Structures are given as structure tokens and as C-alpha cells.
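A.B. asks: Mind looking over this structure? Questions follow.
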Amino acid sequence: AQTVTQSQPEMSVQEAETVTLSCTYDTSESDYYLFWYKQPPSRQMILVIRQEAYKQQNATENRFSVNFQKAAKSFSLKISDSQLGDAAMYFCAYRRGQGAQKLVFGQGTRLTINP
Amino acid sequence: EAQVTQNPRYLITVTGKKLTVTCSQNMNHEYMSWYRQDPGLGLRQIYYSMNVEVTDKGDVPEGYKVSRKEKRNFPLILESPSPNQTSLYFCASSLRVYFPYGYTFGSGTRLTVV
């Protein structure tokens with residue numbers, strides 16, 4: 044079974060600094076997708092960024108970028124120029140390509156932004 | 297506005313009293329799913345539905361029931377709730393089960409069983 048591990052239960056960063064959240068996953072599949080979701084205090088699950096496993100280029104979305112290391116099965120999220128609104132729980136998630144019936148989530152990392 | 301609507305947002309109930317959490321989407325999505333979120337465990341899938349009248353168990357289905365009589369609705373039923381079902385519940389949907397994008401989530405239901 045696929046598993047996703049986020050080894051950092053909590054992280055903190057100074058406003059305007061850069062922070063990296065770690066995620067590793069275990070799979071024997073070659074076709075899959077990886078996601079980072081943000082959950083602010085409102086509880087809404089917001090898709091931050093996604094990565095297709097077949098793409099070598101790392102995905103970027105404005106201040107958010109990923110470091111996708113397929114061989115190492117690592118998928119870290121980098122947030123640049125951290126803002127107070129980035130404070131949230133962040134979840135890494137995996138989805139198999141074909142035949143997938145679910146997202147597999149990591150345990151989550153709570154990110155605090157210090158002003 | 298395209299969205300997944302869950303109700304209620306908060307619910308406190310007593311052990312054994314049947315309850316239903318509703319979920320409705322207005323995007324004509326085929327795939328719908330229920331997750332529960334617990335501290336230190338992330339989100340785990342309870343049930344999912346690939347289309348109308350097609351449902352199947354996820355990773356933690358014990359104590360839950362679902363139905364999919366209409367494409368837009370996917371209610372979660374707890375026939376006899378117990379305290380270990382106290383959790384944050386999310387409904388999610390996707391255009392198709394193999395759709396390469398992430399899911400659209402509802403805003404969550406905080407359930408407390410006393």
C-alpha cells in the first residue's frame with residue numbers, strides 16, 4: 044500500500060523568509076500524482092500545487108515551488124517570502140495514476156509564521 | 297459558484313443516535329468521497345463513489361454507511377455513533393475518478409459524539 048510521511052509535525056518561519064516542508068512517499072507505481080494542500084483555520088482544504096510523476100520539471104505556483112526527487116521518493120514544498128496568510132496546516136498527498144480511487148495523505152505539518 | 301456543500305458544519309450528538317451528514321456538489325462530478333481527519337493521522341478515506349449507485353469502502357469504513365442515489369448527493373450516515381467517531385469529516389468530489397487534478401473539498405463537518 045502507498046504511504047505518505049511528513050516527518051515535521053510543526054514548523055515555524057519568520058515573515059518574509061523561506062521555509063521548506065518535507066514529504067516522502069512509498070510506492071511501486073511509475074504513474075502517479077503528488078499534491079500539497081493547505082488547510083487554514085477556516086478548515087477549507089485548498090490545493091496549493093500538484094506534480095505529475097512523469098514530469099521532470101518541478102512545479103511552481105507563484106511563491107510556492109516543489110523539489111520533486113523521484114528516485115528518492117521525496118516531494119518537498121518551498122514557500123518563499125512567507126506571509127502571515129501562509130500560516131496553516133499543510134498536507135502532502137499522493138494519488139496513483141490509473142485505477143486510483145483515493146488520495147493518500149500524510150500526517151500534516153503545522154506552519155507558523157512569526158511577524 | 298462551483299462548490300461542494302456539507303451540512304452541518306458542527307454537530308454534537310450522543311452515543312447511539314443516528315445521524316446523517318449531507319454532501320452536495322453542483323459540478324456534475326462523477327466521483328465523490330468521504331474522509332475523516334484526525335490529529336497525527338492526516339485524512340483517511342471512509343467511502344467513495346465512482347458514479348450513481350456505485351459505492352465502495354475506503355480504508356476506515358466501519359460504523360459508516362453511504363448512498364449515491366443522485367449524482368449530486370453523497371450523504372454519510374452513522375447508524376449508531378460512538379465516541380471514536382468524533383472527528384473532522386470532509387466530503388470531496390472530482391470530475392472523474394481518474395481526473396489528474398486534485399479533489400474539490402467541502403468545508404468540513406466537526407462531529408463530537410459524547
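First to last, the protein sequences are chains A and B.
Per this note's numbering, the first sequence runs over residues 44 to 158.
Per this note's numbering, the second sequence runs over residues 297 to 410.
Using N, Cα and C, we set each Cβ at its ideal position, and we do this for glycine too.
Because the structure is a prediction, the values reported are computed rather than measured.
Could you name the residues that DSSP lists as bridge partners for I156(A)?
C.D. replies: Beta-bridge pairing links I156(A) to V56(A).
A.B. asks: Could you run through the region 315–346 of chain B and flag, in chain order, every residue whose CB is less than 7 Å away from some CB of chain A?
C.D. replies: For the region 315–346 of chain B, which is checked against every Cβ of chain A, the residues closer than 7 Å are S329, G336, L337, G338, L339, Q341 and Y344.
A.B. asks: Go ahead and label P377(B) buried or exposed: buried means 16 or more other beta carbons lie within 10 angstroms of its beta carbon, across all protein chains shown.
C.D. replies: Classification of P377(B): buried, given that the 10 Å Cβ count is 16 or more.
A.B. asks: Taking the C-alpha atoms as reference points, what is the distance between A131(A) and E60(A)?
C.D. replies: One C-alpha to the other measures close to 16 Å.
A.B. asks: For the beta strand (DSSP E) that N324(B) lies in, which residues bound it at each end?
C.D. replies: Run containing N324(B): none; DSSP gives neither H nor E here.
A.B. asks: Along the chain, where does the beta strand (DSSP E) containing D69(A) start, and where does it finish?
C.D. replies: T67 to D69 is the extent of the beta strand (DSSP E) around D69(A).
A.B. asks: Given a cut-off of 8 Å, decide if T316(B) and P379(B) are closer than it, judged by their beta-carbon atoms.
C.D. replies: Their beta carbons are not under 8 Å apart, which means P379(B) does not touch T316(B) by this criterion.
A.B. asks: When the Cα of E375(B) is compared with those of G359(B), S389(B), S383(B) and Q381(B), which residue comes out closest?
C.D. replies: Minimum Cα distance to E375(B) is reached at G359(B).
A.B. asks: Could you name the residues of chain B that K145(A) contacts, counting a contact when the two beta carbons are closer than 7 Å?
C.D. replies: Simply S329, Q341, Y344 and G354.
A.B. asks: Does the separation of the CB atoms of M346(B) and V393(B) fall below 8 Å?
C.D. replies: Yes, the pair counts as a contact, with Cβ atoms nearer than the cut-off.
A.B. asks: Does the contact criterion of 3 or more C-beta pairs under 8 Å hold for the region 140–153 of chain A versus the region 64–80 of chain A?
C.D. replies: Contact between the region 140–153 of chain A and the region 64–80 of chain A is present, because at least three Cβ pairs lie under 8 Å.
A.B. asks: Start and end of the beta strand (DSSP E) containing S117(A)?
C.D. replies: Residues S117 to I122.
A.B. asks: Below 7 Å, is the gap between the Cβ of S73(A) and the nearest heavy atom of the ligand GDP?
C.D. replies: Absent from the structure shown: the ligand GDP. Ligands present: none.
A.B. asks: Please report the distance separating the alpha-carbon of Q126(A) from that of A136(A).
C.D. replies: Their Cα atoms are separated by approximately 23 Å.
A.B. asks: Could you give the distance in angstroms between the alpha-carbon of R86(A) and the alpha-carbon of A388(B)?
C.D. replies: Taking the straight line from one Cα to the other gives about 13 Å.
A.B. asks: Kindly indicate which three-state DSSP category K355(B) falls into: helix, strand or coil?
C.D. replies: The sequence as given places Asp at residue 355(B); Lys does not occur at that position. DSSP places D355(B) in coil when its eight states are reduced to three.
A.B. asks: Could you check whether G149(A) and V56(A) sit closer than 8 Å to each other, using their CB atoms as the reference points?
C.D. replies: Contact: no.
A.B. asks: Spell out whether any CB of chain B is found under 8 Å from the CB atom of G151(A).
C.D. replies: Chain B, which has a Cβ nearer than 8 Å to the Cβ of G151(A), makes this yes.
A.B. asks: Ignore the nearest five residues each way along the sequence and tell me which others in T318(B)'s own chain have a CB closer than 6 Å to its CB.
C.D. replies: Excluding residues within five positions, the ones whose Cβ falls inside 6 Å are N303 and P371.
A.B. asks: 8 Å is my cut-off, CB to CB: does F78(A) come that close to chain B?
C.D. replies: Yes, its Cβ sits closer than 8 Å to a Cβ of chain B.
A.B. asks: Rounded to whole angstroms, what is the Cα-Cα separation between K116(A) and Q100(A)?
C.D. replies: Roughly 15 Å between the two C-alpha positions.
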